[in-house]
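One structure below.
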Amino acid sequence: MEAILANADWGVIVILLPLTGGIVCFLWPSVSKTTGLITVAAVVLAVAGLGRQIMEHGTYRHTIGGWGAPLGIDLFADGLSLFMLIMTALVGLGISCYARSYFNPRDAVWFWPVWLFLLAALNALFLAADIFNLYVTLELTGLAAVTLTALTGRIDALSSAMRYLLAMLAGSLAYLLGVALLYHDSGSVDIATLAQRIEPNATVWAALGLMSAGLALKTALFPLSFWLPPAHASAPAPVSALLSALVVKASFYILLRLWLELFADFAEGVSALLGLLGAAAILWGSLQALRQTRIKLLVAYSTLAQIGYLFLVYPLASASNGLAAGMATYLAFSHALAKSAMFLAAGNLMRFGGHDRIADLDRAVQRLPLTVSAFALAGVSIMGLPPSGGFTGKWLLLDAAMSQGRWDLAAVMIIGGLLAAGYIFKVLGYAFMQAKEPHDARAVPAGMEWAALLLAAGSILLGLMASEIFALIHPDLVVNAGGAVERVWTA
Amino acid sequence: MSHAFAYALVGAGLFLLGLYALVAYAHLLRKILALNIMGSGVFWYSWRWPNAQAMRRPIRYRMPW
């Protein structure tokens, strides 16, 4: 039994489980809630199994059908992929527990199958080993995300989902054109082969530009972020949490992977541009969040600002001593936990008052203490206060910026933290006050409140587990007692 | 201008035409058509482009057994 568990193809199981679960939920809608929850819990266990395999062997590679690259499709997982899979599984479990109590029966019939298909697509994306498979799984992820956005059928949800669909497809096509150009230049789509054959000629530069532009559009980097606030604000609360926490991280993961494997050596100008746009995103997103009167739009603009932090990794990556993947994944994971908790808390507040106006959060702190605590804890991580995961990620970024002399980036990060404090405390302040016309509250199921609180507590816990997490991503780096990261030379 | 370069140019032209139409027109059907044209533009790149690295891989005309 032990041998079977250790040698099973956990990568294949991680993709097939949510796929079959989604089909079962679609065919038998009456059991969709139970099936959905069991499937997501099983995916968490399967990711744990995959993690154990990676801890033993270093990386995981599986050739589907025994065909092998370049003819067949390979599944590949290293520390970075494993981290993304863990993030998806854990945040997905929390959101699934919330969604169990959130949806009315009519919407639940559609939510569960499409959410499980999205989970399968995300897992396949993080396990993809060639750039064309990354395109396929990216398209699947985007289509499932658009379907979930349009779930309620309200006019604002439909129009923002349509805008999201058009922007998503344009980004995918730009990425696909980049894939075609890279294939023509090097004769292969396998990432490992490409890494050996790539050289900075005109075709590769064109591919780099197209892929960066397409993926930046899908990750909602500053000028290309027009689709995100309406889509994330008009979707139902668990769907907003999924979109902000997981779907934007998928395209960011692809850009990071291509950067680290293929483009890092010769693309200094592009990384400077990405850093500049990231800094602009931090300032613009935080300022827009301060202006909002509705809580879901505020949280959506906060997502924009945090995505800017993710893109600050690129200008700091080349001189960061191999820490780039660790910084990016730490930021991504802590943001996923915190932002999903914020959206779930916002969903609770909407259920409680029937609206989401910030100024009318009528004494929510007295009547929904768990929810407001969840929002506050998540806000601690978003602001970057210790001891949260957000603090560790932003501290690593700040440390890298100051040691490389990038005082401009460090200043932007600090200002971004101050602005984040501004909009978090704006919401918390109104939660303590009585509204002009006090209204009766509707009950919020305990499961929904606890799901939000546990996700927010997770983002705080992440800050206390820095050394364990770095051991997962980089087995040769360690966080010493002073909080600094140093390389351990294994003999 | 070589054969391959002509294909690449037309493909790029279709892609840019579709992208312009996606942004410029407000009617949803036109946007969807524009996306289709962008997709067609990408498909113009699915030809065999002879280069030194691709030529290094020998093509088997018989099964190896």
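Read top to bottom, the protein sequences are chains A and B.
Take 1 as the starting number for the first sequence in our numbering and just add one per residue.
Take 1001 as the starting number for the second sequence in our numbering and just add one per residue.
By construction, the Cβ of each residue, glycine as well, lies at the ideal position given by its N, Cα and C atoms.
In the same chain as A1034 (chain B), and ignoring 5 residues on each side of it, the C-beta atoms closer than 6 Å to its own belong to G1018, A1021 and L1022, in chain order. Using a Cβ-Cβ distance cut-off of 8 Å, the segment 419 to 430 of chain A and the segment 277 to 291 of chain A are in contact, since at least three pairs of beta carbons, one from each stretch, lie closer than that value. Residue pairing by DSSP puts A77 (chain A) in a beta bridge opposite A:Y60. For the pair G347 (chain A) and L1009 (chain B), the Cα-to-Cα distance works out to about 50 Å. In the three-state reduction of the DSSP assignment, R294 (chain A) falls in the strand class.
The C-alpha of V31 (chain A) is placed about 38 Å away from the C-alpha of E468 (chain A).
Annotation for L453 (chain A): the continuous alpha helix (DSSP H) segment containing it runs A446 to L464.
Between the alpha carbons of L93 (chain A) and A99 (chain A) lies a gap of roughly 10 Å. The CB of M162 (chain A) comes closer than 8 Å to the CB of L1028 in chain B, given here in chain order. Taking a C-beta cut-off of 8 Å against chain B, none of the residues of the segment 231 to 249 of chain A qualify. The beta carbon of L419 (chain A) lies closer than 7 Å to those of S286, L287 and L290 in the same chain, with the five residues before and after it left out.
By alpha-carbon distance to L385 (chain A), the top candidate from A:G354, A:L462 and A:A431 is A:L462. Y430 (chain A) is positioned such that its CB atom lies closer than 9 Å to that of A359 (chain A).
Judged by DSSP in its simplified three-state form, R357 (chain A) adopts strand. Taking the C-beta atoms as reference points, F343 (chain A) is found nearer than 9 Å to A245 (chain A). Each of B:S1002, B:G1013 and B:L1029 was checked against the Cα of L166 (chain A), and the nearest Cα belongs to B:L1029. Closest option to W112 (chain A), judged by alpha-carbon separation, among A:F132, A:L122, A:L151 and A:L138: A:L151. For the pair of segments examined, the segment 116 to 129 of chain A was found to touch the segment 76 to 86 of chain A: the number of CB pairs separated by less than 8 Å reaches three.
Straight-line measurement puts the Cα of I460 (chain A) at about 18 Å from the Cα of L397 (chain A).
In the same chain as G447 (chain A), and ignoring 5 residues on each side of it, the C-beta atoms closer than 8 Å to its own belong to C97, Y98, R100 and S101, in chain order. Separation of S388 (chain A) and G1039 (chain B) (C-alpha to C-alpha, rounded to the nearest whole angstrom) is 44 Å. The straight-line gap separating the alpha-carbon atoms of K249 (chain A) and G171 (chain A) is approximately 15 Å. A128 (chain A) carries a strand assignment under DSSP once its states are collapsed to helix, strand and coil. A Cβ-Cβ distance of about 5 Å is found for the pair L122 (chain A) and T88 (chain A), placing them in contact under the 8 Å criterion. Chain-ordered, the chain B residues with CB closer than 7 Å to the CB of L176 (chain A) read V1042.
Within 7 Å of the CB of G1039 (chain B), the CB atoms of chain A belong to L173, in sequence order along the chain. Taking C-beta separations shorter than 7 Å and ignoring five residues to either side along the sequence, the partners of A376 (chain A) in its chain run L428, following chain order.
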